[in-house]
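Data first, discussion second: the structure below is written as structure tokens.
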Amino acid sequence: MAKNDRTDGEMLKGTLDMMILRTLVAGDAHGHTVAKVIERTSEDVLEVEQGSLYPALHRLEDRGWVSSYWGVSENNRKAKFYRLTVAGRKQLVVETSRWRQMIRAIGLVMGEELAADGGTR
Amino acid sequence: MSWLRFFRRRRADAELQEEIDGFLAEETAENIARGLGPEEARRRARIKFGNPRKVRETLWEQNTVSLVDTLGRDLKYAARTLARTPGFSLIAIAVMAMCIGATTSLFTVVRSVLLRPLPFRDPDRLVMLYEHFRDARSNQEGFNYNTVAPADYFDWRAQTHGFEDMAAMRYWQFNLTGERGELPEEVSARGGSWNLFPLLGVPAALGRTFTESEDRLDGTAALLTWNLFERRFGGDAAIVGRQIHLSGKPYTVVGVLPQWFTYPDAKVQVWVPYLSGLPPDIVPHHDYHFSTVVARLRPDVSLSSALSQVEAVQYRLHMENLHAPVAEDVAPRTLNDDLAREVKKPLLILMCAVGCMLLIGCLNVANLLVARGAARQKEVAIRGALGARRLTLIRGQLTESLLICAAGGAGGVLLSLAATNWMASTWKDLPNAVGIHVDGVVLGFACALVFSAALLAGLLPAISSTGKAAFAALQASPRSTGGNRSRALLRKTLLTVEIAVTVVLLIGAGLLLRSFVRLRSIDVGCVTANVLTLDYSLSMQKYNSPEKVNAFNEALVEKLRAMPGVRAVALGTALPGEGNGGDDAFTIKEHPALKPGELLPDALVRGADPGYFSALGIPLLKGRFFTGDDRLDRAKKVIIGSALARQYFPGEDPVGKYLHVPAFKDADYEIVGVVGDTLWQVGKPATPTMYFPMLDGGVEQGGSLAVRTDSDPLAMAVPVEKQIAALDAELPVSHVQTMQQAIGESLGNARFSASLVLTFALLSLLLASVGLYGVLSYLMTQRTTELGVRMALGAQRDQVLRLILFDGLRPAAIGLALGAAAGAGITQLIRSMLYDTEPLDVGVYVAVTLTLLLVATLACMIPAWRASRLNPMQALRAD
Chain A
1 MAKNDRTDGE MLKGTLDMMI LRTLVAGDAH GHTVAKVIER TSEDVLEVEQ GSLYPALHRL
61 EDRGWVSSYW GVSENNRKAK FYRLTVAGRK QLVVETSRWR QMIRAIGLVM GEELAADGGT
121 R
Chain B
122 MSWLRFFRRR RADAELQEEI DGFLAEETAE NIARGLGPEE ARRRARIKFG NPRKVRETLW
182 EQNTVSLVDT LGRDLKYAAR TLARTPGFSL IAIAVMAMCI GATTSLFTVV RSVLLRPLPF
242 RDPDRLVMLY EHFRDARSNQ EGFNYNTVAP ADYFDWRAQT HGFEDMAAMR YWQFNLTGER
302 GELPEEVSAR GGSWNLFPLL GVPAALGRTF TESEDRLDGT AALLTWNLFE RRFGGDAAIV
362 GRQIHLSGKP YTVVGVLPQW FTYPDAKVQV WVPYLSGLPP DIVPHHDYHF STVVARLRPD
422 VSLSSALSQV EAVQYRLHME NLHAPVAEDV APRTLNDDLA REVKKPLLIL MCAVGCMLLI
482 GCLNVANLLV ARGAARQKEV AIRGALGARR LTLIRGQLTE SLLICAAGGA GGVLLSLAAT
542 NWMASTWKDL PNAVGIHVDG VVLGFACALV FSAALLAGLL PAISSTGKAA FAALQASPRS
602 TGGNRSRALL RKTLLTVEIA VTVVLLIGAG LLLRSFVRLR SIDVGCVTAN VLTLDYSLSM
662 QKYNSPEKVN AFNEALVEKL RAMPGVRAVA LGTALPGEGN GGDDAFTIKE HPALKPGELL
722 PDALVRGADP GYFSALGIPL LKGRFFTGDD RLDRAKKVII GSALARQYFP GEDPVGKYLH
782 VPAFKDADYE IVGVVGDTLW QVGKPATPTM YFPMLDGGVE QGGSLAVRTD SDPLAMAVPV
842 EKQIAALDAE LPVSHVQTMQ QAIGESLGNA RFSASLVLTF ALLSLLLASV GLYGVLSYLM
902 TQRTTELGVR MALGAQRDQV LRLILFDGLR PAAIGLALGA AAGAGITQLI RSMLYDTEPL
962 DVGVYVAVTL TLLLVATLAC MIPAWRASRL NPMQALRAD
């Protein structure tokens, strides 16, 4: 189990969970919609691997951050919908703020280095 | 990972499948909307999604508790492997069941007898107190707990403060009769001081226990045990307050003791107050030892300080009674040890013996597993090559040995239920104050046994068969023979250990057996063949004068003597080989007074009628036997045993001298004869003995009869009892058995431990020889090619036979040497259990060596013979 997770990369896994949660803020959605929304919003930069989408959804459900129910999709098909729970909303806040810190920290590191490069030129 | 999900994996997977289908349908629909053909749309959707199986597997694993899952898989796999070789599995399981069963039963007994506290209030603060003599004779047997004199007990209780309270108990035997002439019955009874039951924390089930005012010399209160209450009085509570007759005296039943109370043993039927029925002159004595004392320690006082107070009192009493047998010290003993008495050591020895057998059983299963490991070498190698971790492989094999041991353990627990019952009912010396039965702790013990046995049996083979060398199996050509050397060595080592432990067991068993045989063949000093013995007691109310007692005894002896088939009749107060029967101190009138501090000489006391010695075949050495004339006031005569003559009359003629016995109204007794020694207990040395005329008319006694018969003595039992009933129908008769039975009963301990240890040793020998056979057969199969080459090159069949034979006998010989050396050390521990047998008994060692070599040779012979019959051409083509 542990081995398989490693292939996704720590960072990616964390961010995928966060992005799924963020997607669900807009409203309940099934797996296909979630994947599509992430891809569209990222202007098709991020491609969600289905291999990790469903395990991620189930993992989030296990932790009580999303709940699921069977419903009917916009195309009139039976689909499993996911909904953000209260705990999930809190978790999203936590993860978002952690993500921001991370971005800032990485930005600081990278920005300083670029600045130094510019200096010598 | 959650437990709930773990058990709902299958449903979750089905749902996921649906979810995936949904995704594909959405994507296909979108693709169609983009203008693709349905076929292409579906294809693209599939490509986009990737491999759905992988998603399912990921999720399946995510939902799995991996430990349980792999354990389940291991179990399934192990069960399948075992089922494929049912012969092997059954043998291994039977071996484990036997070993675990035996160990569990012995543990059950040991726990009940030695470990579990008695069911009293705060049992850990209860302790038995005994007198402890310092002289060498008292200490020579390593057992020095002397019963307490009543006056000592009263002084201890009054003058010390370390114990909350102390209570005294004494032995009684009554003839129980009802108010309306019901059948008389000889009942075992105890006198207990009034505070005994409160001290132990035992309330009466009906009525009440004794009061302080009832505990007096003429006290007539009685307590029934539940057994007697149910059995004789039909469980009718109305018995409380009514009268029963104990040896002719009326007693009032004040209460019934609870059902669980079977202390000190289940045979006790009636309790009376401690002082009730004691002769008044005995109470102030410090040298009439017949009581056991139980004391409850105060919670704030340590045992040693409480004890030192009692010892101070006792030492003062000793100094005040210098010549009398009043002990110097006090010895404490736990209640469990007190009840376990003679069985403690045999139990521990048996426990060690089954432990050894269990070890041998484990080694045997280990050996079998190593052999299987060899057969499955390729499988292990392939699994290893495919990426199985070594730990996984070891775990897999351990699961197999765990399954074997668990199945064996289940069988073993069932076996032990039966074995424990058998042991509790057969071993008469086992105390039964606490029921002996299997309970939760015992089951826990059995589980622990199963796991440790599984580890012991499985770990070594598992480690060895999964080592680096194991992978060489893939490279090895079918003909190479080198790869298995290390495994063969491991098996031989296991075998050597197995044989060594077997040898230790055999030596122990041999010593115990030899000692028992010596005990059996001891001459107790009298005729034992064709002798019927029985006890009777006379009611004190009916036989209240010496004349009446004598008249009955003489009439009885005469009647019996006249019966056809009866050769002779002996009447006494005790018979040889049937126990101590009481002793008393004496002085010799003609000898100078004792020096201060010197202890009075002491001898066993027996009554004997004129025919006693001749009927029992006890030889007269000097003087004369008693005659019918030595009676009543002319009965101040004594006959002494030769041990007394040797010890106290060295170089003089005792006949005509006088013994002064303070206990018998301070009278002098003329020595009229010296007779041969008899033993009061088989295995104990002959003790100085004084015989007094049975016809002195002592009123309190019954007697012990020995009837010598022409043929089977037991066939005479009923006619003899009929004769007694014809004289007095109310007279209870007890202990009807042959003298050999009576003596055999006293050897119960020795017989029991010798036969059980021997059984374990023989089973171990069987296991070891099966192991030997197995290893050698295996080695032979391994060497088939080699043997074929040898024979093709000209080796003779008998050479091959010898080659294989010696290969097998070598570990046996090494094991034998190791075992003999270990046995020499270990058997020192059972020295005290051996009678007239040295732990280094040459005969036993020789017998064990020969037996083992014989069995080992037989076990090796079969594979060796098979090897010598090999057809070299076939052997070379094999594989």
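Which chain is which? The protein sequence lines are A and B, in order.
Residue numbering for the first sequence follows our numbering, beginning at 1 and increasing consecutively.
Residue numbering for the second sequence follows our numbering, beginning at 122 and increasing consecutively.
No residue lacks a Cβ here, since even glycine has one placed at the ideal position from N, Cα and C.
Between Asn265 (chain B) and His410 (chain B), the C-beta gap is not smaller than 7 Å, which leaves the two residues out of contact. Contiguous beta strand (DSSP E) elements confined to the stretch 339 to 395 of chain B occur at 342 to 345, 364 to 367, 370 to 377 and 389 to 394, taking only those with 3 or more residues. With a threshold of 7 Å between beta carbons, Gln91 (chain A) makes no contact with chain B. Here Arg246 (chain B) has Arg417 and Leu418 as same chain residues with Cβ atoms under 6 Å from its own Cβ, once five neighbours each way along the sequence are excluded. The C-alpha of Thr970 (chain B) is placed about 21 Å away from the C-alpha of Leu950 (chain B). For Ala146 (chain B), a Cβ of chain A is located within less than 7 Å of the residue's own Cβ. The Cβ-Cβ distance between Leu886 (chain B) and Val976 (chain B) falls below 7 Å. Taken atom to atom, the span from the alpha-carbon of Leu570 (chain B) to that of Glu521 (chain B) is near 16 Å. For Val189 (chain B), no chain A residue has a Cβ inside 8 Å of its Cβ, as the nearest lies near 14 Å away. Assignment of alpha helix (DSSP H) within the stretch 412 to 468 of chain B, counting only whole runs of 4 or more residues, yields 424 to 441 and 456 to 461 in chain order. Of the candidates B:Leu974, B:Leu479 and B:Thr332, B:Leu479 places its Cα closest to the Cα of Val622 (chain B).
Cβ-Cβ distances below 7 Å link Ala583 (chain B) to Ile515, Gln518 and Leu519 in the same chain, with the five nearest sequence neighbours on each side left out; the list follows chain order. Among the CB atoms of chain B, one or more fall inside 7 Å of the CB of Ala79 (chain A).
When the five nearest sequence neighbours on each side are left out, the beta carbons in the same chain lying within less than 6 Å of the beta carbon of Val308 (chain B) are those of Phe295, Leu297, Gln390 and Val391, in order along the chain. From the listed residues B:Pro159, B:Glu148 and B:Gly156, the smallest Cα separation to Ala35 (chain A) is found for B:Glu148. Listed as beta-bridge partners of Leu955 (chain B) by DSSP are no residues whatsoever.
Close partners of Gln101 (chain A) in chain B (Cβ separation under 9 Å) are lacking, with about 28 Å as the shortest Cβ gap. At least one beta carbon of chain B lies nearer than 7 Å to the beta carbon of Asn75 (chain A). Secondary structure of Ser67 (chain A) (DSSP, three-state): strand.
The distance from the Cβ of Gly732 (chain B) to that of Val678 (chain B) is about 7 Å, consistent with a contact at the 8 Å cut-off. In this structure, the straight-line span from the alpha carbon of Ala279 (chain B) to that of Leu877 (chain B) is close to 48 Å. One finds Gln183 in chain B with Cβ atoms closer than 7 Å to the Cβ of Arg59 (chain A), taken in chain order. Contact between the stretch 234 to 251 of chain B and the stretch 449 to 457 of chain B is established, with three or more Cβ pairs separated by less than 8 Å. Secondary structure at Arg155 (chain B): coil, using DSSP grouped into helix, strand and coil. When C-beta atoms of the stretch 68 to 86 of chain A are compared with those of the stretch 26 to 35 of chain A, three or more pairs fall below 8 Å, so the two segments count as touching.
Under the criterion of beta carbons closer than 8 Å, Glu619 (chain B) and Ala215 (chain B) do not qualify as touching, at roughly 17 Å. Residue environment: Gln917 (chain B) is assigned as exposed (fewer than 16 neighbouring CB atoms within 10 Å of its CB, all protein chains considered). Collapsing the DSSP output to three states places Tyr292 (chain B) in a strand. For Tyr82 (chain A), there are no C-beta contacts with chain B under 7 Å, since the nearest C-beta of that chain is about 10 Å from it. Nearest in C-alpha terms to Ile360 (chain B), of all of B:Thr332, B:Leu157, B:Leu327 and B:Asp386, is B:Leu327. It is roughly 10 Å from the alpha-carbon of Leu681 (chain B) to the alpha-carbon of Leu826 (chain B). The residues Thr694, Ala695, Leu725, Val726, Arg727 and Trp801, in chain order, have a CB closer than 8 Å to that of Gly702 (chain B) in the same chain once the five nearest residues on each side in sequence are set aside. Interface criterion met: the Cβ of Lys175 (chain B) is under 7 Å from a Cβ in chain A. Just so you know, the alpha carbons of Arg931 (chain B) and Gly940 (chain B) end up roughly 14 Å apart.
When beta bridges are read from the DSSP output, Gly728 (chain B) appears opposite B:Phe813. Nearest Cα to Ala343 (chain B) within the set B:Ile845, B:Phe331, B:Glu351 and B:Glu699: B:Phe331.
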